[in-house]
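Worksheet: one structure, shown below.
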Amino acid sequence: MKFLVTVALALALLTLESVFVQQAGLVLGRVDVTVVLVAFLALRASLTEGACSAFAVGYLLDLMSGQPTGLFTFLAVFIFLVGRLVASFVDVRGPVAFALFAMGADLMHALLSTFFTWLTVKEGSTTPLLAGMPVQLALTGAAALLLFPLFKRFEVAQERPAGMLR
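Everything in the sequence shown is counted per my numbering, starting at 883 for the first residue and increasing by one.
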């Protein structure tokens, strides 16, 4: 996917995520659509395009989350790089495999964000983050199943040669 399409898609998905979380009344869990997007980038994007896109996606999440600035930017790029490494060992082609891949990425993202948040805030305030992790992983896996066809469609649209755009 191209950089601008990825940023626009991330902004739209973050907006939908915030509305869904509020309407569903989720207190301990959330849907990590940005991690799903970064996981797809790790599988399909080139290194430069994917790293820049992951940086932008993480920055948007930083802006919308209220967490310390730079945390999710760093984690998005880190998850992208680790995802590329893992993708060289496993074959992720179908939606179920992608959902499992995204859930693994989300688990690592959640654990690292909880750890770094624990380092910077007062004691005891990271306990709710760990309590909601199973719900978050399940919702992220469901979102990955739903978003996989959309991401594939964007990927195919971006790969069309210039002469076929009529």
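Glycine residues also receive a C-beta, built at the ideal position from the N, C-alpha and C atoms.
In this text, all values refer to a predicted model and were calculated from it rather than measured experimentally.
C-beta contact flag for residue i and residue j at 8 Å
i        : j       : result
Leu-942  : Leu-896 : yes
Thr-888  : Leu-945 : no
Ala-1026 : Ala-958 : no
Leu-1032 : Met-985 : no
Leu-1021 : Val-939 : no
Length of the line joining the Cα atoms of residue i and residue j
i        : j        : result
Leu-1047 : Phe-1036 : Below a pLDDT of 50, predicted positions are generally treated as unreliable, and Leu-1047, at 46, falls in that range; no measurement from the model is reported.
Ala-933  : Thr-916  : 14 Å
Gly-1023 : Gly-976  : 13 Å
Ala-969  : Val-918  : 14 Å
Phe-885  : Asp-988  : 22 Å
Phe-983  : Arg-926  : 13 Å
Thr-955  : Gln-949  : 11 Å
Phe-960  : Ser-995  : 12 Å
Ala-890  : Phe-971  : 30 Å
Trp-1000 : Leu-898  : 28 Å
Asp-973  : Val-964  : 15 Å
Gln-904  : Ala-894  : 16 Å
Met-1015 : Phe-998  : 16 Å
Ala-892  : Ser-935  : 10 Å
Val-920  : Phe-937  : 9 Å
Val-1038 : Ser-928  : 15 Å
Chain C contact for residue i (CB, 8 Å cutoff)
i       : result
Gly-986 : The structure shown has no chain C; it contains just one protein chain.
Run of the alpha helix (DSSP H) containing residue i, from where it starts to where it stops
i       : result
Gln-905 : 885-906
Ser-995 : 977-1002
Arg-926 : 915-926
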